[in-house]
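Heads up: the protein sequence lines correspond to chains C and Z, in order.
Heads up, the first sequence is in our numbering, so the first residue is 644 and it goes up one at a time.
Heads up, the second sequence is in our numbering, so the first residue is 644 and it goes up one at a time.
Here a beta-carbon is modelled for each residue, glycine too, at the ideal position from N, C-alpha and C.
Number of protein chains: 2
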Amino acid sequence: MAKTYRSEVICVGSELLCDRVNTDINILSEILAKAGISVKKCIIVGDEESEITDAVAESLKRSDILIITGGLGPTSDDITKDSVAKFLNRRLLYSEEIWESILEKFARRGTAPPEINKRQAYIIEESEVIKNPAGTAPGLIVNVGEKLIALFPGPPVELRPMAEFFAGSLKKLSADKPIEVYRFGISGTPESAVEEKVQPAMKKLGIKYTILAHPQMIEILIIPGCMPEKVEKVENFLKNTFNEDYMGLNPPPLHEIVGNILKEKKLKLAIAESCTGGLASKLVTDIPGSSVYFQGAFVAYSNTVKKRVLKVSRPILKKYGAVSAETAAAMAKGAIKAGKADVSLSFTGIAGPSGETDEKPAGLVFIGIGLPGRKYKTFKFIFTGNRERIREQAVNKGFYLLARTLRDSFNEK
Amino acid sequence: MAKTYRSEVICVGSELLCDRVNTDINILSEILAKAGISVKKCIIVGDEESEITDAVAESLKRSDILIITGGLGPTSDDITKDSVAKFLNRRLLYSEEIWESILEKFARRGTAPPEINKRQAYIIEESEVIKNPAGTAPGLIVNVGEKLIALFPGPPVELRPMAEFFAGSLKKLSADKPIEVYRFGISGTPESAVEEKVQPAMKKLGIKYTILAHPQMIEILIIPGCMPEKVEKVENFLKNTFNEDYMGLNPPPLHEIVGNILKEKKLKLAIAESCTGGLASKLVTDIPGSSVYFQGAFVAYSNTVKKRVLKVSRPILKKYGAVSAETAAAMAKGAIKAGKADVSLSFTGIAGPSGETDEKPAGLVFIGIGLPGRKYKTFKFIFTGNRERIREQAVNKGFYLLARTLRDSFNEK
C-alpha cells in the first residue's frame, strides 16, 4: 500500500572537507522531491566504521529511506559497504558479473584494472544491484524490514542516474504527490526590506514561506501544498511591490535571464572585465548554447590590455585611473568594438585585499553597460566582504543591471 | 584540567540545498584543528524546530563541543536561537547593548534597521556573546554542564572570525596539540594508479593514510600523529616515484603553483580561452596580487573574436576548424601578442552537450602553450563527464602542463 516516506542522507567522505557533499545533497533532494519524498536531514561523517554505523543506526530509527553516498571506491579507505554489512549482520558476496563489467570498462580504456578494484565486485547479501554506467562502483539497495538503505557512489555523475532510477521505483510506492516548490526571485532589494514587505502580505494570505538570500537573488519559497490560486496572488503582489526587481516564478540565475533576453532580442554580447577577472564570462558560458549570443570577453587585468585591446585611452587612464566610471565606459565601448557586439558589460574595481587606497577602498566597483548607438551607462558600487564575495556581488549586480537595461531600452521601441 | 574534546557541527539552513554549508564545515574543521579538536560529524537540517532539537539532543550525547551555524538571521524563518533556548529550558533575554550595536551598523550605511532586526538583540540566558564585526547576528556560547554549544551565523565571513575566537579559547583548555595534517599532491596520474604505488610503501612505513581525488590533484593525507622523519620518508618516496607529477607537501592549487613560478621567473602570462569560457582566467585572478604576472585573457567564444583579437587566420579555421591543435597554437600565439606577454595558455574544445559531432565529441579539448622565442606546444585530450566537469578538467590539465613546461624550459637554461 502507498505510504508517506521520511528520508535522510548520509555522506561518507575520506574526511569531512569534501567538495562533492553539497552536490550530492542537492542532487538527492531534487530527485527525491519528484517522487514526493523530502530529505529531512543530512549527516556527513568520515571513513570511520563507528561513525558510519552510529549514523546508520540513528537514521534508521527516524526514517524509512536512508541513502548513503561515498566510500564505495576501490581504495582501502573506502569502507561504507563493509560497515553497513557488518551493522546489518550480512555477508559480502563476490559477484562474477560485476567483476566482468569492471574488466570490460577498463578494457574500453585499453587497460586492465588494478587488483584493488576487485573490492568493488562484492555486494551485500540480499541486496539489489544498480548498474553504474559512469564508474566502477555498483549501487546497492538493501531491504531492512520495511525500510530501505541505498548505497550509492559519491561522484555526482555516478550518483545522479542511480538516484533517478531509485526515485522512479519509489514513486510507485509513495502516497505523496511530487513536491512542488514555488521559488519567487527578487533582485536589487536587500533581504530585510523584502521580508518587511512580504511578511504581512503572506500572513494575510495564510501562506507559510521562507526567505533565502543568495549572492544573485533573494528567494521567497513557498513550501508544498500551496493552492495554485494563492500562488497567482503571491505573484501579483510581488510584481506590484517590487516592479522590475521581481525576477519571476522559479527564475533561472541572472546570467541565464540575461542570455534569454539577448536571444529573444537577437543581440550579441561582449564583456570587458578587470577586477572580476573572467568570472562574468565564465558564468555566461556555463549555459550550453551561449555561443548564439556571446561573442567573447576581454579580461583586461593589466593596463596594457586595456589600452591595446579595449582602446582605453592613455589620458583617461591617467586622469581618472583604471578604477573609474570613465574607464568602465571606455571598456564597455572597447568591448563592443573588439567583440563586434551589439551590447556590452564592463567591470573595473578593487577586489582587494591588495591595491586599495584611501580614495579607492576594496569593494569599489564601476560597472559599465554599452548599448547600440554608442550609448553608455555607468554605475558605482561599494561592496563589502572578501575578495571572492566582492567579485561575486559585482558580477551579479552587472547581470541584474544589464537585464533591466535591456528590458527598458528595447521594450520602449 | 586539560582534556580531549570531540566536536560536531550542525548546519541549519532554510532548506537543505544551501550553498554555504560546505564552506561552513571547511572553515570550522580547519580552525578547530588548530586547537587540536577534530570535527567528527556534521548534520544538516532545515529550519524546523523538531529537527533542530533532535539533532542537538543526539550530538550532545556523543560530543563535548557542538557548533551550530545558521538560522540566526532577522527573518521569521530563523529559529535556531529559539529552538536551542527551548530545548535547554532557558529564556531569551533582550540586550540593549546588542540592539545599539545593530542600530550603529545600519547608521553607518545611512539607514535604520527594520523592526524585525530586533529579534537579533535577544540572547539565550547565561550565554556568552561574541561580537559580529561583519554582520548583525551576534554569536552565542552556552555552557551546558561540562559541554559547550556555540551558535554562530551561517555566512562564512561572519562565521570565520567567531570560530577563530572560539578556537583560541578552546586551545587553552584542550589537552591535544594542534592537528597537523600532511597533504601530498600528485597531478597527472589517475587515482587507482597512485593507490597501487602508494599502498605498499605506506604499509612498510606503518602509516595510516587516505587518498582524495580532486579535479585538480590527487591528495594523499596522513592523519595526526605522524613523526616528522616519516613525513620526510614519504616525501622522498613520492618524489622518486611520481617525479614531476609530485606537487609537493601541502601544495597550493595548481593555478597558484603556476603563479608562483611566473613570479619567480619574472614572466608575464596571457590566456586565450574558447570552450573554457573564462574559467582559467577566473582562477588565475582568484589569487590576490596576480596582476604582477597576469596580463589578461581573451575569451574568444566566437570565431569573430578568434580572428579579430587573436589573429587566428581564416585558412586555419577553415582547414582545421576552431577545435584543432592548429587553432590552439594560433590562439596561444595571438594571446602573447595581444597581451604583450612572455608565455600563454590556450583552450579550444567541445564542452558539450551541444556542438559535438562524430569526429569531434564532447570532451575533446586542445590545450596550447606559448613560450618565448615563438615556441608553441599543443596537447590533445578527451575528457569525460558533463559540461562543468569537462571545463574544470581542461583548465586544471592546462595549469598542470604549464607548470611542468615552465619548470622544464626555464630550468635547463
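Simplified DSSP state of residue i, which is helix, strand or coil
i: A965/Z; result: coil
i: K1003/C; result: coil
i: E1055/C; result: In this prediction, E1055/C has a pLDDT of 49, which is less than 50 and means its spatial position is unreliable; what the coordinates show is noted afterwards. Coil.
i: N786/Z; result: strand
i: S989/C; result: strand
i: F1009/C; result: strand
i: K774/C; result: coil
i: G982/Z; result: helix
i: G977/C; result: helix
i: S650/C; result: strand
i: V655/Z; result: strand
i: K954/C; result: coil
i: A972/Z; result: helix
i: T666/C; result: helix
i: G1041/Z; result: helix
i: N1029/C; result: coil
i: S997/C; result: coil
i: T754/C; result: coil
i: P804/Z; result: helix
i: P799/Z; result: helix
Alpha helix (DSSP H) segment containing residue i, residue limits
i: S1098/C; result: Look at the range of chain C in this structure, 644 to 1056, and you will see that residue 1098/C is not part of it.
i: F880/Z; result: 871 to 885
i: S933/C; result: No alpha helix (DSSP H) contains S933/C, which DSSP labels as neither H nor E.
i: I904/Z; result: 897 to 908
i: K1020/C; result: Counting along the chain, K1020/C falls outside any alpha helix (DSSP H), though it belongs to the beta strand (DSSP E) covering 1018 to 1025.
i: V727/C; result: 723 to 731
i: L926/C; result: 922 to 929
i: E916/Z; result: Run containing E916/Z: none in the alpha helix (DSSP H); it sits in the beta strand (DSSP E), 912 to 916.
i: N946/Z; result: 946 to 951
Which listed residue (the options) has its alpha carbon closest to that of residue i
i: G902/C; options: N732/C, S934/C, V952/C; result: S934/C
i: V772/Z; options: R751/Z, E740/Z, P757/Z; result: E740/Z
i: E887/Z; options: P804/Z, K976/Z, G828/Z, E651/Z; result: G828/Z
i: I1025/Z; options: E839/Z, Q1036/Z, R957/Z, E1031/Z; result: Q1036/Z
i: I759/C; options: L746/C, E768/C, L848/C, G1028/C; result: L746/C
i: P895/Z; options: M870/Z, G679/Z, E862/Z; result: E862/Z
i: S726/C; options: A755/C, S702/C, E694/C; result: E694/C
i: L988/Z; options: Y1043/Z, A915/Z, A676/Z, L855/Z; result: A915/Z
i: P871/C; options: L881/C, I904/C, Y825/C; result: Y825/C
i: L922/Z; options: K908/Z, Y889/Z, T991/Z, N893/Z; result: T991/Z
i: L905/C; options: G713/C, I668/C, R1047/C; result: R1047/C
i: S702/C; options: A676/C, C654/C, A810/C; result: C654/C
i: Y944/C; options: S924/Z, L736/Z, A972/Z; result: S924/Z
i: G1013/C; options: V986/C, A994/C, G1006/C; result: V986/C
i: T754/C; options: G788/Z, R1032/Z, I670/Z, A836/Z; result: A836/Z
i: N786/C; options: K748/C, D707/C, L848/C; result: D707/C
i: P776/Z; options: K761/Z, A698/Z, L802/Z; result: L802/Z
i: V664/Z; options: E673/Z, I686/Z, M860/Z; result: I686/Z
For residue i, the first and last residue of its enclosing beta strand (DSSP E)
i: L864/Z; result: 861 to 865
i: L855/Z; result: 852 to 856
i: R826/C; result: 825 to 829
i: L735/C; result: 735 to 737
Bridge partner(s) assigned by DSSP for residue i
i: L794/C; result: I711/C, L783/C
i: F941/C; result: A915/C, F941/Z
i: G811/Z; result: Answer is none; G811/Z lacks a bridge partner.
i: I766/C; result: L736/C
i: Y889/C; result: I829/C
i: L1014/C; result: K1018/C
Closer than 8 Å: residue i CB and nearest the ligand MG heavy atom
i: K724/Z; result: This structure simply doesn't include the ligand MG, nor any ligand for that matter.
query = Which runs of the beta strand (DSSP E) fall wholly inside the segment 676 to 719 of chain C and span at least 3 residues, in chain order?
reply = Whole beta strand (DSSP E) segments, 3+ residues: 681 to 689, 708 to 712.
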